[in-house]
Every structure is written in C-alpha cells, then in structure tokens.
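What follows is a single structure, written as structure tokens, with notes after it.
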Amino acid sequence: MIIVKTREEIELMRESALIVSKTLGALAAEVKPGVTTLELDKIAETCIRDHGAIPGFLGLYDFPNTLCMSPNEQVVHGIPNDKPLENGDIISIDCGALKNGFYGDHAYTFEVGEVEPETKKLLQVTKESLYKGIAEFKFGNRVGDVGYAIQKYCEDHGYGIVRELVGHGVGATMHEDPEMPNYGRRGRGKKFIEGMVVAIEPMVNRGTHRIKQHRDGWTITTRDNEPSAHFEHDVALVDGKPELLSTFKYIYDALGISSDEEDAFRAQPITN
1 MIIVKTREEI ELMRESALIV SKTLGALAAE VKPGVTTLEL DKIAETCIRD HGAIPGFLGL
61 YDFPNTLCMS PNEQVVHGIP NDKPLENGDI ISIDCGALKN GFYGDHAYTF EVGEVEPETK
121 KLLQVTKESL YKGIAEFKFG NRVGDVGYAI QKYCEDHGYG IVRELVGHGV GATMHEDPEM
181 PNYGRRGRGK KFIEGMVVAI EPMVNRGTHR IKQHRDGWTI TTRDNEPSAH FEHDVALVDG
241 KPELLSTFKY IYDALGISSD EEDAFRAQPI TN
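By full-length UniProt numbering, the letter at position 39 of the sequence shown is numbered 39, and the numbering carries on one by one without gaps.
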C-alpha cells in the first residue's frame, strides 16, 4: 500500500534527505587514493549525528555500518573495511538518515583520482538516466514509465540494468511501496498519486545486467566483474510534478562542479 505524505511530512522528509546530502558533500573532499572506507564511514556517522539525526542504515536489517560502500564491480551493499581506495577506482556511497520520524536515502558514485574514460562515461550515463526517470515521476504516469525511461537510456548506451535490485517508496520506514524497478514497460505498474515519496536509484553495469551475492550476505557484484554505477535521489510528487528532496549540490560544491541538472525538479533553490 502506498503511504501518502502531507505537505508537512514532505518538509520533514526534505530535512532528512538534506542531512544525507550534506553528509555526502562532506565525504566528497575525502574520497581519494589512500583513504579507507571505514574512515569515510566514521566521518559520515559523525556528520549525521552532528545534524541531530540517526544513521539510517546502521543496524537496519542488521547492517553493521553507517554507509554502504561499493567500489568498482560492487553494485550495492558493500561493507566498509580497512582496504585503502586506489587511483582509478570508483565507489558508490549510499547513505541514510533518520530524523523527526522520517528517512532520507541518497547515493552517489564518486571517482577516486584519475578514472579511465570508459568508466567516466558509465557514471555520466547512469546519472543522466536518473533524471530521465525522475522526469517521468508525475501525476497520471505509472511505475513502468520511470523504469522504461531509465532502461532505454542506459541500454541505448550498451549498459546492463540490474533487475534484482530496485528503488522504493520511502517515509517512516526505509522501504515502502511501491517498488521502483529501473526497467519496465510504459503504462504498467502502480499509478503515481499526489504526496508519494520515492527513492529512484539506477544501478547500471558496464557489462551484463547479471549480478551475484557474496557469502557475507550483503555484498553484491557484477557477474562479469565489470564496473557498476549507482545514483539515487529522494523525490516527492507535489502539485502533480516531481520535486527533489535531496541534492548533489554539496558534492558539487566540494568538487568545484557547476551543474543545472536539478533545476527542473526543484521548487526553490538550495541556499545553505
């Protein structure tokens, strides 16, 4: 069952989402060769708690850390460890925060040092596909419209769309209805209604869409060991249109990147 949020609840969710966004922004300057994912995990936990929130992933389904850290061929759910990142790596950082009874859930795939052009393109296309999907999250459309837009864009570039892992509704619990696959057929699936909030999160592989799960019960990698990229935003349906609750602004500020990619999906600019 889809749980509709009031305008007041959406604003509380925006606060949670922006705490995650600020945490990812704090990490952006620290993602570099030689740093370990455990070190980044500690920075994230401190940042979330300093904002009066609770790490959303820590202990969720018994997950042991604040961040899901998934380098290179890892798709999602990687567990932080003491292995240093290396030049040329990429790493998906997925982060959650709980405040005022609502979750924020947000992810970005970072480059570590100098990354090869083919992998840079994977990251670019995956992020672009996120906004293709968000544009379809509007009144009258259905789940399949979002999935179709993401799938077509990525497969047109020759990439594989993960099938077993999907986006989701988000609110007072981390995972709510509806499931939001990154593939699908137009006009199929649950219809979008005013007040919905979802996490849209393409998970895209440079090779096959097939994946495998490891013995730790969490880590998921591509079956062919090709790199995978993952980007995620929290989005509310407000006045029939998609409105971003999360932002990559803090990441871009840290990295010196200028972008207008979010402008079409934001009622007012992020000012702090």
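Just so you know, even glycine gets a beta-carbon here, dropped at the ideal spot from N, CA and C.
Cβ-Cβ separation, residue j to residue i (assumed contact under 8 Å), whole Å
{"i": "I211", "j": "T219", "result": "With a Cβ gap of about 10 Å, I211 and T219 do not count as contacting."}
{"i": "T208", "j": "G147", "result": "Not a contact, Cβ separation roughly 18 Å."}
{"i": "E176", "j": "K99", "result": "The pair is not a contact, with the Cβ atoms about 17 Å apart (cut-off 8 Å)."}
{"i": "F137", "j": "V235", "result": "6 Å"}
{"i": "N225", "j": "E73", "result": "5 Å"}
{"i": "L130", "j": "P202", "result": "5 Å"}
{"i": "H168", "j": "A199", "result": "6 Å"}
{"i": "N65", "j": "I79", "result": "6 Å"}
{"i": "V170", "j": "I10", "result": "Incorrect: roughly 11 Å between the Cβ atoms, too far for contact."}
{"i": "A254", "j": "A28", "result": "4 Å"}
{"i": "P33", "j": "V112", "result": "6 Å"}
{"i": "R206", "j": "P178", "result": "Going by Cβ atoms, the distance from R206 to P178 rounds to 28 Å, so no, they are not a contact pair."}
{"i": "G133", "j": "E194", "result": "Incorrect: roughly 19 Å between the Cβ atoms, too far for contact."}
{"i": "G52", "j": "M174", "result": "Actually they are not in contact, since the Cβ atoms of G52 and M174 sit about 19 Å apart, beyond 8 Å."}
{"i": "F63", "j": "N141", "result": "That pair is no contact at about 32 Å."}
Same chain, Cβ closer than 8 Å to residue i, five either side skipped, listed in chain order
{"i": "H214", "result": "I220, T221"}
{"i": "A172", "result": "I3, G101, F102, Y103"}
{"i": "A267", "result": "V238, E243"}
{"i": "Q151", "result": "I161, N182, Y183, G184"}
{"i": "E155", "result": "I161"}
Local Cβ density within 10 Å of residue i, reported as buried at 16 or more and exposed below that
{"i": "Y61", "result": "exposed"}
{"i": "T37", "result": "buried"}
{"i": "I251", "result": "buried"}
{"i": "N87", "result": "exposed"}
{"i": "E261", "result": "exposed"}
{"i": "K83", "result": "exposed"}
{"i": "M69", "result": "buried"}
{"i": "I19", "result": "buried"}
{"i": "N81", "result": "exposed"}
{"i": "T6", "result": "exposed"}
{"i": "G189", "result": "buried"}
{"i": "D41", "result": "buried"}
{"i": "A44", "result": "buried"}
{"i": "E1", "result": "Checking the sequence shown, residue 1 turns out to be Met, not Glu. Result: exposed."}
{"i": "I48", "result": "buried"}
{"i": "A264", "result": "exposed"}
Residues near residue i by beta carbon distance below 7 Å, same chain, minus five either side
{"i": "E164", "result": "I211"}
{"i": "R186", "result": "G144, D145, Y148"}
{"i": "H106", "result": "A17, V20, S21, L24, C95, E232, H233, D234, S246"}
{"i": "residue 276", "result": "This structure does not reach residue 276, given that the chain is present from 1 up to 272, and the question cannot be answered."}
Residues bridged to residue i [DSSP beta-bridge criterion]
{"i": "R142", "result": "K191"}
{"i": "Q213", "result": "I220"}
{"i": "L67", "result": "C95"}
{"i": "D177", "result": "I2"}
{"i": "S234", "result": "Position check: residue 234 holds Asp in this sequence, whereas Ser was assumed. Answer is A199, bridged to D234."}
{"i": "T36", "result": "P84"}
{"i": "Y108", "result": "I93"}
{"i": "E243", "result": "A236"}
{"i": "P55", "result": "A97"}
{"i": "G25", "result": "Partner(s): none; G25 has no beta bridge."}
{"i": "N225", "result": "According to DSSP, N225 bridges with nothing at all."}
{"i": "V125", "result": "Note: V125 sits in no beta bridge, so no partner."}
{"i": "G167", "result": "M180"}
{"i": "G160", "result": "N205"}
{"i": "F102", "result": "K99"}
{"i": "V76", "result": "I220"}
6 Å Cβ shell around residue i - same chain, five flanking residues per side excluded
{"i": "P71", "result": "D89, I91"}
{"i": "F110", "result": "V31, I91"}
{"i": "L58", "result": "T66"}
{"i": "I270", "result": "T247, K249"}
Closer than 7 Å: residue i CB and nearest the ligand FMN heavy atom
{"i": "H230", "result": "This structure lacks the ligand FMN, and indeed carries no ligand of any kind."}
- Task: Decide yes or no for the touch test of the segment 125 to 142 against the segment 85 to 96: beta carbon pairs closer than 8 Å, at least 3 of them.
- Result: No: fewer than three Cβ pairs fall under 8 Å.
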